[in-house]
Amino acid sequence: MGRLLGLAALALLTGCTLRPPAPLQLVVGCSGPTCPGLLRYAFDPQSGRLEASPAQRLPLANATWLVVDPGRPLLFAVDEQPQGRVSSLGIGARNELTVLDSVDSGGAEPTYASLSEDGRALFVAHYATEPRPGGSLSLLPVSDTGRLGPVRQRWRQPFEQPGSLRQGSSHLHAAVAIDRQLLVTDLGADRVYAFDYRSTTKGPTLTPADPPYLAVPTGSGPRHLVFDARGRHGYLSLELGNQVALLERQGTRLTYRGPVDLDPSPAAGDNRLGALHLSQDGRFLYVARRGVYNQIVAYRVREDGGLDELQRHDSGGEEPREFTLSPDGRFLLVANQRSDRITVLRRDPAGGRLQEVVQQLQTPAPATLRFLP
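With the first letter of the sequence shown counted as 1, position 346 gets the number 332 in the numbering used here; the numbers rise by one all the way through.
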């Protein structure tokens, strides 16, 4: 009798320990005429596979950038249209998304947004294809419940360069909040602008820092920017220069350390960098290449912030605009926009190398991917 009870207890314990982990939730934004809206997919963290059909679909077209609030159940989405908008969404107990607000973003074609560290301000960068109005930056106040107020501040640096295809005017591409600063990349003007952030009882505000910007090599086209956990070493994708720029930040002063060439002699034709992200432990950097190559390039990060190339891996499709790592670092998911496909790649968290394709999920024109907390 005791033996039977022991076996039953063991079976019960084994059943508990073998219970599969709950699925994670991946939110996918898309763009273009085939975009069905904002989609939420269930993701199995054990197998690395997404459910074939979305669990939820919201009528938010051209949501090409998403921001997850780290401290509140909130998600923010830009609407990359000539008359830009930005929406705030609540995340329910069962991960269902509900639109709380949708307001004018204050510019044309918003492509990036970030939250201030205190959560009181949303910064929105507008790419603006046309020289007029040109790229601009907006600050929108955010309430404790996630409601968005009207644009509180709008900033634009006039810049025109007639005859240039991609750099004929200012094109703000990213707005990265770090400590009490905001760093904004301008692909058109080859600059990274710096602002100081303050929040008082009157509301959040930005003022140009001293110096107001960092110049990068002419024609390089700065796109996306990430920093390590200490905020000291930064990595900037130079979309047109086919390089990753190494930056160093001491206090509030930003320094250009130099570039890392992805190819000393790149192939002729369309050859652009896209997104870049650090692994959760900060030991590896991944960079998307679009056009001729369609790759994810992996680097090992040295103690001094320098980069050693580790691997080049096919992205699994065309135009890898964005990618994200699963929370446990075991998978890397790529938004291959032109192929209408999300590619899931297995990853070795210890060594940083990308491995085989786990899944190819067809979904129209994916542009951005974010896991819900």
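Glycine included, C-beta positions come from ideal geometry on N, C-alpha and C. These numbers were taken from a predicted model, which means no experiment stands behind them.
Nearest-angstrom Cα distance between W51 and H299? Reading the sequence shown from its first residue, position 65 is the one you call residue 51. Reading the sequence shown from its first residue, position 313 is the one you call residue 299. Approximately 24 Å between the Cα atoms of the pair.
Measure the alpha-carbon distance for T238 versus V202 and round it to whole angstroms. Position 252 of the sequence shown, counted from the first residue, corresponds to residue 238. Position 216 of the sequence shown, counted from the first residue, corresponds to residue 202. Those two C-alpha atoms are separated by around 17 Å.
Going by other Cβ atoms of all chains shown within 10 Å of its Cβ, with 16 needed for buried, is L83 buried or exposed? For this step, residue 83 is matched to residue 97 along the sequence shown. L83 should be labelled buried.
If you compare alpha carbons, which of I282, A215 and A321 is closest to R269? In the sequence shown, the residue the question calls residue 269 occupies position 283. In terms of CA proximity to R269, A215 leads the group I282, A215 and A321.
Quick one: what's got a C-beta closer than 7 Å to P68's C-beta in the same chain, skipping five residues either side? Position 82 of the sequence shown holds residue 68. Cβ within range, chain order: A94 and E95.
Taking the alpha-carbon of G277 as reference, which of E304, L271, Q297 and D294 has the nearest alpha-carbon? The residue you call residue 277 lines up with position 291 of the sequence shown. The residue with the shortest Cα to Cα distance from G277 is E304.
Any 3 or more C-beta pairs closer than 8 Å across the stretch 348 to 355 and the stretch 317 to 330: yes
According to DSSP, which residues form a beta bridge with W141? By one-based count along the sequence shown, residue 141 stands at place 155. In DSSP, W141 forms a bridge with L123.
Along the chain, where does the beta strand (DSSP E) containing P245 start, and where does it finish? In the sequence shown, residue 245 corresponds to position 259, counting from 1. Counting along the chain, the beta strand (DSSP E) containing P245 begins and ends at R239 to D247.
Any contact between the stretch 334 to 342 and the stretch 27 to 47? By contact I mean 3 or more CB pairs, one from each, below 8 Å. no
Here's the rule I'm using: 16 or more other beta-carbon atoms within 10 Å means buried, otherwise exposed. How should I229 be labelled? As a working note, residue 229 is residue 243 in the sequence shown. Ile is not the amino acid found at residue 229; the sequence shown has Gln there. Label assigned to Q229: buried.
Could you tell me which of R5, V64, T115 and L101 sits nearest to G154, measuring between CA atoms? Stepping through the sequence shown from its first residue, residue 154 is reached at position 168. Among R5, V64, T115 and L101, the Cα nearest to that of G154 is on T115.
Could you please give me the residues that DSSP links to P96 through a beta bridge? Along the sequence shown, read from residue 1 onward, the residue named residue 96 stands at position 110. Answer is H112, bridged to P96.
Contact belief for A180 with L271 at Cβ below 8 Å, rounded distance in angstroms: On the sequence shown, position 194 is the one that residue 180 refers to. On the sequence shown, position 285 is the one that residue 271 refers to. Between L271 and A180 the Cβ distance is about 22 Å, and since that is not below 8 Å, they are no contact.
Could you give the distance in angstroms between the alpha-carbon of V110 and the alpha-carbon of L224? For the purposes of this step, residue 110 is identified with residue 124 of the sequence shown, where counting begins at 1. For the purposes of this step, residue 224 is identified with residue 238 of the sequence shown, where counting begins at 1. Computed Cα separation, rounded: 20 Å.
Who are the near neighbours of P31 in its chain, counting only those whose CB is closer than 7 Å to its CB and skipping five residues on each side? In the sequence shown, the residue the question calls residue 31 occupies position 45. If we look at P31 and ignore the five residues flanking it on each side, its Cβ neighbours are P7, L10, S312 and D314.
From the DSSP output, in three-state form, read off S325 for me. In the sequence shown, the residue the question calls residue 325 occupies position 339. Three-state DSSP puts S325 in a helix.
What are the start and end residues of the beta strand (DSSP E) that includes P352? Taking the sequence shown and counting its residues from 1, the one referred to as residue 352 is at position 366. First-last of the beta strand (DSSP E) with P352: P352 to F357.
Quick check on the burial criterion: 16 or more other C-beta atoms within 10 angstroms. Buried or exposed for R275? As a working note, residue 275 is residue 289 in the sequence shown. Its Cβ being crowded by 16 or more others within 10 Å, R275 is buried.
Sort A175, A163, R133 and T171 by Cα distance to P148 and report the nearest one. Taking the first residue of the sequence shown as position 1, residue 148 is located at position 162. Comparing Cα-Cα distances from P148 to each of A175, A163, R133 and T171, the minimum goes to A175.
First through last residue of the beta strand (DSSP E) which encompasses Y199: Here residue 199 refers to the residue found at position 213 of the sequence shown. Counting along the chain, the beta strand (DSSP E) containing Y199 begins and ends at G189 to A201.
For Q69, which three-state DSSP category applies? Along the sequence shown, one-based indexing puts residue 69 at 83. Coil.
Taking the continuous beta strand (DSSP E) assigned at H159, which residues delimit it? Stepping through the sequence shown from its first residue, residue 159 is reached at position 173. Its beta strand (DSSP E) spans residues L158 to I164.
With 16 other CB atoms within 10 Å as the buried threshold, where does L44 fall? Here residue 44 refers to the residue found at position 58 of the sequence shown. Looking at its Cβ environment, which holds 16 or more other Cβ atoms inside 10 Å, L44 is buried.
Local conformation of V278 per DSSP, three classes: For this step, residue 278 is matched to residue 292 along the sequence shown. Coil at V278, not helix or strand.
Thinking C-beta only, is G132 closer than 8 Å to L60? Here residue 60 is taken as the residue at index 74 of the sequence shown, counted from 1. Here residue 132 is taken as the residue at index 146 of the sequence shown, counted from 1. For the 8 Å CB-CB criterion, L60 and G132 form a contact.
Going along the chain, which residues of its own chain have a beta-carbon closer than 7 Å to the beta-carbon of V246, five neighbours each way excluded? The residue given as residue 246 occupies position 260 in the sequence shown. Sequence-distant Cβ neighbours of V246 in its own chain, meaning closer than 7 Å and more than five residues away, are Q229, V230, L232 and L293.
Through-space distance from R356 to R333, alpha-carbon basis: Along the sequence shown, one-based indexing puts residue 333 at 347. Along the sequence shown, one-based indexing puts residue 356 at 370. Using only the alpha carbons, I get a separation of about 18 Å.
Can V89 and A107 be called in contact, C-beta distance under 8 Å? The sequence position of residue 89 within the sequence shown is 103, counting from 1. The sequence position of residue 107 within the sequence shown is 121, counting from 1. No. Outside cutoff.
For the beta strand (DSSP E) containing L134, name the first residue and the last one. Start at 1 with the first residue of the sequence shown, and residue 134 comes out as number 148. Careful: L134 lies outside any beta strand (DSSP E) and carries neither H nor E.
Run through DSSP, which three-state label would T204 get? Position 218 of the sequence shown, counted from the start, is the residue given in the question as residue 204. Correct three-state label for T204: coil.
Are the CB atoms of I282 and L319 within a distance shorter than 8 Å? In the sequence shown, residue 319 corresponds to position 333, counting from 1. In the sequence shown, residue 282 corresponds to position 296, counting from 1. Against a cut-off of 8 Å, the Cβ pair of I282 and L319 comes out as no contact.
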